[in-house]
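Chains as they are written, first to last, in the numbering used here: chain A, 1 to 322; chain B, 1 to 322.
Here's the structure, in structure tokens; my notes come after.
There are 2 protein chains.
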Amino acid sequence: MKVPPDLLAFLIAQNNFFIATHLNPEGDALGSSLVLAAALETLGKKVVVFDRDGVPEFYRFLPGHERIIRSIDGIETSSFNLLLLDCNTPERAGIEGIAFRFSAVIDHHETESDFGGIRWIEPHVAATGLMVLSLVDALGVPVTRDMATNLYTAIAIDTGTFRFGNTSAEVLRTAARLADAGAEPAAISASLYETWSEARFHLLRMALQTLEIRDGIAFTFVTREMYRATGAGPEDTENFSSFPRIVRTILVSAFFREIDDDYWKVSLRSKGGLNVAALAASFGGGGHKNAAGYFVRAPLDAAKEMLREKLSAHLRVPEVPR
Amino acid sequence: MKVPPDLLAFLIAQNNFFIATHLNPEGDALGSSLVLAAALETLGKKVVVFDRDGVPEFYRFLPGHERIIRSIDGIETSSFNLLLLDCNTPERAGIEGIAFRFSAVIDHHETESDFGGIRWIEPHVAATGLMVLSLVDALGVPVTRDMATNLYTAIAIDTGTFRFGNTSAEVLRTAARLADAGAEPAAISASLYETWSEARFHLLRMALQTLEIRDGIAFTFVTREMYRATGAGPEDTENFSSFPRIVRTILVSAFFREIDDDYWKVSLRSKGGLNVAALAASFGGGGHKNAAGYFVRAPLDAAKEMLREKLSAHLRVPEVPR
Chain A
1 MKVPPDLLAF LIAQNNFFIA THLNPEGDAL GSSLVLAAAL ETLGKKVVVF DRDGVPEFYR
61 FLPGHERIIR SIDGIETSSF NLLLLDCNTP ERAGIEGIAF RFSAVIDHHE TESDFGGIRW
121 IEPHVAATGL MVLSLVDALG VPVTRDMATN LYTAIAIDTG TFRFGNTSAE VLRTAARLAD
181 AGAEPAAISA SLYETWSEAR FHLLRMALQT LEIRDGIAFT FVTREMYRAT GAGPEDTENF
241 SSFPRIVRTI LVSAFFREID DDYWKVSLRS KGGLNVAALA ASFGGGGHKN AAGYFVRAPL
301 DAAKEMLREK LSAHLRVPEV PR
Chain B
1 MKVPPDLLAF LIAQNNFFIA THLNPEGDAL GSSLVLAAAL ETLGKKVVVF DRDGVPEFYR
61 FLPGHERIIR SIDGIETSSF NLLLLDCNTP ERAGIEGIAF RFSAVIDHHE TESDFGGIRW
121 IEPHVAATGL MVLSLVDALG VPVTRDMATN LYTAIAIDTG TFRFGNTSAE VLRTAARLAD
181 AGAEPAAISA SLYETWSEAR FHLLRMALQT LEIRDGIAFT FVTREMYRAT GAGPEDTENF
241 SSFPRIVRTI LVSAFFREID DDYWKVSLRS KGGLNVAALA ASFGGGGHKN AAGYFVRAPL
301 DAAKEMLREK LSAHLRVPEV PR
């Protein structure tokens with residue numbers, strides 16, 4: 001992958017960097033940020049890494065995760081160059097209104113925003129981690145075992161551990177290179193997928209009991225009452241939306257998480273060609289083609305029905321002659 | 001991987017091959033057999049592929065699967081050379097007592113059997129498919145798109161799609177090579193993991209409702225009554241044993257499938273270093289280190305208790321001075 005020369009020149013010329021990534025960070029956001037920070041430090045630069053939401057517990061196996069700060073108190077941001085990773089607006093990182101010396105964006109999400117003095121956006125790349133690896137190579141920094149672990153995690157998460165449509169030969173070859181450099185595929189997978197609490201597992205069982213399948217949509221939900229019954233919390237519902245995808249007849253899995261009375265976060269996961277980013281956008285949300293979400297204020301049944309109607313219209317084949 | 005010269009010479013010298021693989025075949029058994037057959041046919045040999053149990057429905061995306069025969073009626077077996085793949089005794093393939101001209105074994109399972117005039121057994125190789133790919137290369141046969149799909153499936157299944165401990169850099173590099181040759185990672189994963197019937201999903205939900213966790217063991221079960229209630233069948237329980245592994249505190253997942261009154265098939269899945277093959281063997285069963293099974297005649301509670309006791313003894317740290 002070709003690194004933009006202006007970005008490379010900027011990283012080489014500058015000395016103070018403030019790396020920020022998105023709220024509610026996952027493996028690609030965290031891994032990419034930690035690796036770019038380590039690479040720049042190898043070159044003698046000063047780097048801070050910021051995520052307002054901090055590192056979720058099950059990502060605390062990532063080497064260097066403890067360096068991620070959640071507050072900018074005491075940091076003279078205006079003397080730092082912002083590097084915004086795995087997102088492309090200050091709002092997504094919770095840093096709107098904060099002044100920086102300059103800003104560069106490195107991201108693989110489609111966007112209409114024009115934020116950033118330098119913008120490197122590659123919507124067809126599977127993970128921001130792959131872009132960061134290209135940067136590390138371009139900077140001439142050797143990939144350490146810690147970097148390999150972070151980048152492997154970044155790629156694993158964003159490709160569903162090599163199951164999603166973005167899993168190319170190049171992605172697999174890069175994973176092999178990172179394993180050669182010391183990443184441990186099985187240990188990383190176990191950290192990502194086999195560290196659930198019993199409470200979380202009980203919550204999943206409850207969510208699966210709510211399954212309702214209509215018109216190719218799998219509806220599941222979790223209520224605040226279920227948190228009380230199981231001892232699990234909202235953060236435990238990550239990926240619940242993916243489970244019903246294993247059913248052949250399901251085109252979209254829609255998972256409703258209760259936030260307040262008649263107020264829901266809806267996570268959509270699609271299979272194949274169906275673009276749920278557009279669907280989520282029509283409710284004021286957003287996301288990727290196969291993974292998107294939105295918030296809705298309505299009683300559960302009404303919220304489900306709104307989605308079902310919109311999706312049916314979306315799926316209906318136009319019958320106009322062409 | 002080095003192919004034994006006697007095996008290679010044998011494949012080149014002979015003209016009639018009877019490829020057989022194990023009962024209840026999965027992706028590695030099927031994919032390896034289909035690819036070796038295609039490669040030998042490219043060299044002008046006559047090949048039949050046999051599996052007594054036939055091809056499970058969700059493996060019918062494998063190119064060439066329809067050529068697999070379930071009966072030897074009308075085949076003069078004594079004029080064929082047996083190639084036993086992904087298993088190492090005639091009993092595992094349901095062909096005991098059948099006469100062949102000669103026999104060769106190609107397998108990655110640990111064994112004490114000495115069956116086979118030529119034996120190529122590599123217990124440290126992740127999948128028989130990797131051995132077959134080495135053979136195809138050694139025979140000088142180009143890897144077609146169909147071969148790549150079969151071999152990618154073989155490797156994906158036996159590494160848990162690159163999540164198990166046998167996922168090495170070499171495995172990932174081979175997967176990349178196969179993707180280059182035309183295997184489609186996402187389509188294969190969808191075929192393997194996202195084609196469940198609704199009945200099967202309902203059965204899984206019921207099985208998860210039976211979860212009981214004691215001493216690091218997750219017990220789940222499925223009864224014949226549950227088949228009646230959901231419309232699912234015994235073959236739908238494949239991989240049910242793996243689900244509880246996502247819970248951090250669980251060392252072993254034990255899934256009990258009712259066969260008859262007080263008669264159960266037990267599937268064990270372990271995490272980390274725990275060897276369930278030895279545990280299963282102590283009940284007259286067998287398998288791999290992290291995936292094994294056995295049959296037991298006892299009421300369910302007694303059968304669970306027998307396992308719990310034996311596992312506790314197995315886990316107990318010896319306190320004798322050394």
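Beta carbons are placed, not taken as given, at the ideal position from N, Cα and C, and that holds for glycine.
Here the structure is a predicted model, which is why all the values come from computation and not from measurement.
DSSP-derived helix/strand/coil call for residue i
i               : result
R248 of chain A : coil
L274 of chain B : coil
K310 of chain B : helix
F17 of chain B  : strand
A229 of chain B : helix
G165 of chain A : coil
K289 of chain A : coil
E305 of chain A : helix
E212 of chain B : strand
L23 of chain B  : coil
H239 of chain B : Reading the sequence as shown, one finds Asn at residue 239 of chain B and not His. The answer is coil: DSSP assigns N239 of chain B none of H, G, I, E or B.
I98 of chain A  : coil
V136 of chain B : helix
F256 of chain A : strand
L85 of chain B  : strand
F30 of chain B  : Just to set this straight, residue 30 of chain B is Leu in the shown sequence, not Phe. In this structure, L30 of chain B counts as helix in the three-state DSSP scheme.
S71 of chain B  : coil
T220 of chain B : strand
F10 of chain B  : helix
Alpha carbon of residue i to alpha carbon of residue j, nearest angstrom
i               : j               : result
M1 of chain A   : P234 of chain A : 37 angstroms
G94 of chain A  : P25 of chain A  : 12 angstroms
R163 of chain A : A186 of chain B : 5 angstroms
V48 of chain A  : N15 of chain A  : 11 angstroms
L83 of chain A  : L34 of chain A  : 12 angstroms
E122 of chain A : H109 of chain A : 7 angstroms
S78 of chain A  : L36 of chain A  : 20 angstroms
D53 of chain A  : H65 of chain A  : 13 angstroms
A29 of chain A  : V143 of chain B : 37 angstroms
K265 of chain A : P244 of chain A : 17 angstroms
E198 of chain A : R205 of chain A : 11 angstroms
R257 of chain A : T237 of chain A : 8 angstroms
S267 of chain A : F17 of chain A  : 34 angstroms
M147 of chain A : G140 of chain A : 14 angstroms
P4 of chain A   : F10 of chain A  : 10 angstroms
A281 of chain A : A292 of chain A : 9 angstroms
E96 of chain B  : L133 of chain A : 54 angstroms
A254 of chain B : L203 of chain B : 16 angstroms
V105 of chain A : I250 of chain A : 36 angstroms
P63 of chain A  : E194 of chain B : 33 angstroms
N150 of chain A : A313 of chain B : 38 angstroms
Integer Cβ distance of residue i from residue j, believed to fall under 8 angstroms
i               : j               : result
I155 of chain A : L192 of chain A : The pair is not a contact, with the Cβ atoms about 12 angstroms apart (cut-off 8 angstroms).
F201 of chain A : T210 of chain A : That pair is no contact at about 16 angstroms.
A126 of chain A : V171 of chain A : 5 angstroms
S113 of chain B : N81 of chain B  : Contact doesn't hold; Cβ gap of about 19 angstroms is too wide.
A190 of chain A : A176 of chain B : Rounded, the Cβ-Cβ distance is 23 angstroms, inconsistent with contact.
G129 of chain B : S32 of chain B  : 5 angstroms
I72 of chain A  : F50 of chain A  : 7 angstroms
T174 of chain A : T161 of chain B : Contact doesn't hold; Cβ gap of about 17 angstroms is too wide.
L23 of chain B  : R92 of chain B  : 7 angstroms
With 16 other Cβ atoms within 10 Å as the buried cut-off, status of residue i
i               : result
A277 of chain B : buried
A20 of chain A  : buried
L43 of chain B  : exposed
F102 of chain A : exposed
Y59 of chain A  : buried
G231 of chain B : exposed
K271 of chain B : buried
Y152 of chain A : buried
T167 of chain A : buried
H124 of chain A : exposed
A298 of chain A : exposed
Y294 of chain B : buried
R269 of chain B : buried
Query raised in the report: Should the segment 171-183 of chain A be called in touch with the segment 221-230 of chain B, which here means at least 3 C-beta pairs below 8 angstroms?
Result: No, they do not touch.
Requested in this report: Report yes or no: do three or more beta-carbon pairs, one from the segment 212-220 of chain B and one from the segment 303-315 of chain B, lie closer than 8 angstroms?
Outcome: Output reads yes: the segment 303-315 of chain B touches the segment 212-220 of chain B.
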